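Engineer:
Written as structure tokens, this is what we have:
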């Protein structure tokens, strides 16, 4: 019998601002609805992490393109441009639209940049969750990216702590006993995508709990170290 | 209070072969563990759909590259080659490695092609699930794709029925009352990714139930119509 998962929204998180102790806030909000237990993975959206870390830059509220100079500043390589859209590589190594900067769900007159080091953000939130709730959990920081060839956006992981980013199945056998061809599964991205299904974009729910993850997946974890592909091994850069 | 989701594996599905009534088999296997209810979304992996539809081609079991001529045959456009790896566009419009053909979890001496029309496959399975279980469910056919720029594979939707492929949030407001910038969410891909977390690659669980999806997402649905991007609007083809 295989294990099942639950995806639980964390309701009731107050509006987050610079300097807030986000880990403690998430832990307390979860305690009121679905108290955290050891082995949970807590997914937190980039937007609230950036707000708590003060990654906000003033922009002209009357100009919908006023954040575009920031996009150039935060990019180390532009892959494509079309009209106002820029697909670029950020300092961190993420390839996404507009260097991950956007204005939605941010106070008018500000743009939110990505966290400086999302894996570090995840580790800090994880430490604070443990201190406040006593539970040893994994943390994934999620963001919403488009992708080539397919319409629509999905949530992916930009940082993680206490849970694997990529699961290496090399050496595992398929159900016919042959070695698996597809061997590295980006579980942190799948966890981020699963969490998005209960968070939505218009609901103001910036965190969710994924409960029931295989305990063998719970290890240090790093999106930068495991998921970001070197340009030299990338066929599309 | 936002709704939560459950992701339930469908255990006990017998080995699937050409001509099998896959919808009925999944419905009966689910009945033994987690009986389907209206509004569930059932995710079924491409591999068992291809097997049931007889999309199997004999290959030389001694030659690990014997399926490569099939890859050329099933491709309408090659985007990249490196060594044995081919990234190409299939007849359907999917862009993936090796035209979606692989040998794992298939009987030795055979390669599995993608279903001819995965949206149609999903509709058939949905109809059979309804006939056998009485439940009106959505169906997603999932497959495992790599992606540019990020290591590891994730599961995405290649077909769907009875559930939206893309959710259009245009006109929705963010929590500050401004119109959302990110407006089209590929929920079928996120559902496929969530299901993969309980199916795994080595466990022989080729189906899962996603329970608790917002009922407004349950409509006809089509991956070909909603997710596949036209070459003319694609910056990476």
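Protein chains in written order, with the numbering used here: chain G, 19 to 255; chain L, 19 to 255.
Backbone N, C-alpha and C fix where the C-beta goes; we use that ideal spot for every residue, glycine too.
The model shown is predicted, which means the values in this text are computed figures rather than measured ones.
1) Could you give the DSSP three-state label for residue 107(L): helix, strand or coil?
2) On a CA-only basis, which of 62(G), 98(G), 132(G), 57(G) is nearest residue 72(G)? Give me that one, please.
3) Taking 8 Å as the limit between beta carbons, can you name the residues of its chain near residue 181(G), skipping five residues before and five after?
4) Residue 170(L) lies in the alpha helix (DSSP H); which residues open and close that run?
5) For residue 144(G), I'd like the list of residues in its chain whose CB is within less than 6 Å of its CB, leaving aside the five on either flank, ordered along the chain.
6) Give the residues of chain L in contact with residue 172(G), contact being defined as C-beta atoms less than 8 Å apart.
7) Please specify which runs of the beta strand (DSSP E), each continuous and at least 3 residues long, are wholly inside the segment 79-138 of chain G, giving them in chain order.
8) Whose C-alpha, out of 224(L), 251(L), 252(L), is nearest the C-alpha of residue 33(L)?
9) Looking at the secondary structure, which residues open and close the beta strand (DSSP E) in which residue 226(L) lies?
10) Which same chain residues, not among the five before or five after residue 94(G), have their C-beta less than 8 Å away from its C-beta?
11) To the nearest angstrom, how far is it from the Cα of residue 113(G) to the Cα of residue 212(G)?
12) Would you say residue 217(L) and residue 161(L) are within 9 Å of each other, going by their C-beta atoms?
13) Between the segment 135-142 of chain L and the segment 77-84 of chain L, are three or more C-beta pairs nearer than 8 Å?
14) With H, G and I counted as helix, E and B as strand and the rest as coil, what does DSSP make of residue 30(L)?
15) If you follow the alpha helix (DSSP H) that residue 243(G) is in, where does it begin and where does it stop?
16) At the 9 Å Cβ level, is residue 168(G) part of the contact set with chain L, yes or no?
17) Using a Cβ-Cβ distance cut-off of 9 Å, determine whether residue 24(G) contacts chain L.
18) For a contact meaning CB atoms closer than 9 Å, what does residue 253(G) contact in chain L?
19) Residue 228(L): which of 62(L), 152(L), 47(L) sits nearest, CA to CA?
20) Helix, strand or coil for residue 203(L) per DSSP?
21) Check whether the segment 116-123 of chain L and the segment 83-91 of chain L touch, using three or more Cβ-Cβ pairs below 8 Å as the test.
22) Can residue 130(L) and residue 41(L) be called in contact, C-beta distance under 9 Å?
23) Between the segment 28-48 of chain G and chain L, which residues of the former have a C-beta closer than 7 Å to a C-beta of the latter?
24) Among 151(G), 176(G), 185(G), which has the Cα closest to the Cα of residue 246(G)?
25) Have a look at the DSSP bridge pairing and note the partners of residue 185(G).
26) Is the closest heavy atom of the ligand MG to the C-beta of residue 80(G) under 8 Å?
27) Do residue 26(L) and residue 22(G) have their C-beta atoms closer together than 9 Å?
28) Just checking: is the beta-carbon of residue 113(L) within a distance shorter than 9 Å of some beta-carbon in chain G?
29) For chain G, is any of its Cβ atoms less than 9 Å away from the one on residue 54(L)?
30) Residue 247(L) versus chain G: which residues are under 7 Å apart at the beta carbon?
31) Could you say which of 164(L), 146(L), 56(L) lies nearest to residue 39(L) if we only look at CA atoms?
32) What does the Cβ neighbour count give for residue 56(G), buried or exposed, with the cut at 16 atoms within 10 Å?
33) How should residue 102(G) be labelled, buried or exposed, when 16 other C-beta atoms within 10 angstroms of its C-beta is the threshold for buried?
34) Run the CB neighbour count on residue 91(L), radius 10 Å, all protein chains shown included, and call it buried at 16 or more, exposed below.
35) When you compare the CB positions of residue 136(L) and residue 184(L), do they come within less than 9 Å of one another, or not?
36) If the cut is a Cβ gap below 9 Å, which residues of chain L does residue 244(G) touch?
Structural biologist: Once the coordinates are examined:
1) It is a strand residue.
2) For residue 72(G), the nearest C-alpha among the options comes from 132(G).
3) Within the same chain, 59, 156, 157, 158, 205, 206, 209, 231, 235, 236, 237, 239 come within 8 Å of residue 181(G) by CB-CB distance, once the 5 residues on both sides are set aside.
4) Not the alpha helix (DSSP H): residue 170(L) falls in the beta strand (DSSP E), residues 168-179.
5) Taken in chain order, the residues that qualify are 157, 179, 180.
6) In chain order: 203, 204, 207, 208, 211.
7) Within the segment 79-138 of chain G, the complete beta strand (DSSP E) runs of at least 3 residues are 93-100, 103-108, 113-115, 128-130.
8) Residue 224(L) is the option with its Cα nearest to residue 33(L).
9) Segment 225-229, the beta strand (DSSP E) holding residue 226(L).
10) Excluding sequence neighbours, residue 94(G) sits near 106, 107, 108, 109.
11) Going by the C-alpha atoms only, they are around 21 Å apart.
12) It is not a contact, given that the beta carbons lie outside the stated cut-off.
13) Under the Cβ criterion (8 Å, minimum of three pairs), the segment 135-142 of chain L does not count as touching the segment 77-84 of chain L.
14) Looking at residue 30(L) - three-state DSSP - the assignment turns out to be coil, as it is neither helix nor strand.
15) The continuous alpha helix (DSSP H) containing residue 243(G) extends over residues 241-244.
16) Flagged as an interface residue toward chain L: residue 168(G), by a C-beta distance shorter than 9 Å.
17) Cβ-Cβ to chain L under 9 Å: yes for residue 24(G).
18) The contact set of residue 253(G) on chain L, defined by CB atoms closer than 9 Å, consists of 97, 98, 99, 100, 103, 105, 166 in chain order.
19) Nearest to residue 228(L) by C-alpha distance, out of 62(L), 152(L), 47(L), is 62(L).
20) If DSSP states are grouped into helix, strand and coil, residue 203(L) belongs with the strands.
21) Result yes; three or more Cβ-Cβ pairs closer than 8 Å.
22) No. Outside cutoff.
23) Residues 29.
24) Restricting attention to 151(G), 176(G), 185(G), the CA atom closest to the CA of residue 246(G) is found in 176(G).
25) Answer is 203(G).
26) Looking at this structure, you won't find the ligand MG or any other ligand, since it has none at all.
27) In contact: residue 26(L) and residue 22(G) (Cβ atoms closer than 9 Å).
28) Taking Cβ atoms only, chain G reaches closer than 9 Å to residue 113(L), which makes this a yes.
29) Taking Cβ atoms only, chain G never reaches closer than 9 Å to residue 54(L), which makes this a no.
30) Under a criterion of Cβ atoms nearer than 7 Å, the residues of chain G adjacent to residue 247(L) are, in order, 167, 168, 169.
31) Taking the Cα of residue 39(L) as reference, the smallest distance to any Cα among 164(L), 146(L), 56(L) is reached at 146(L).
32) In summary, residue 56(G) is exposed, with fewer than 16 beta-carbon neighbours lying within 10 Å of its beta-carbon over all protein chains present.
33) Its Cβ having fewer than 16 others within 10 Å, residue 102(G) is exposed.
34) Its Cβ having fewer than 16 others within 10 Å, residue 91(L) is exposed.
35) At least 9 Å separates the beta-carbon of residue 136(L) from that of residue 184(L).
36) The answer, in chain order, is 169, 170.
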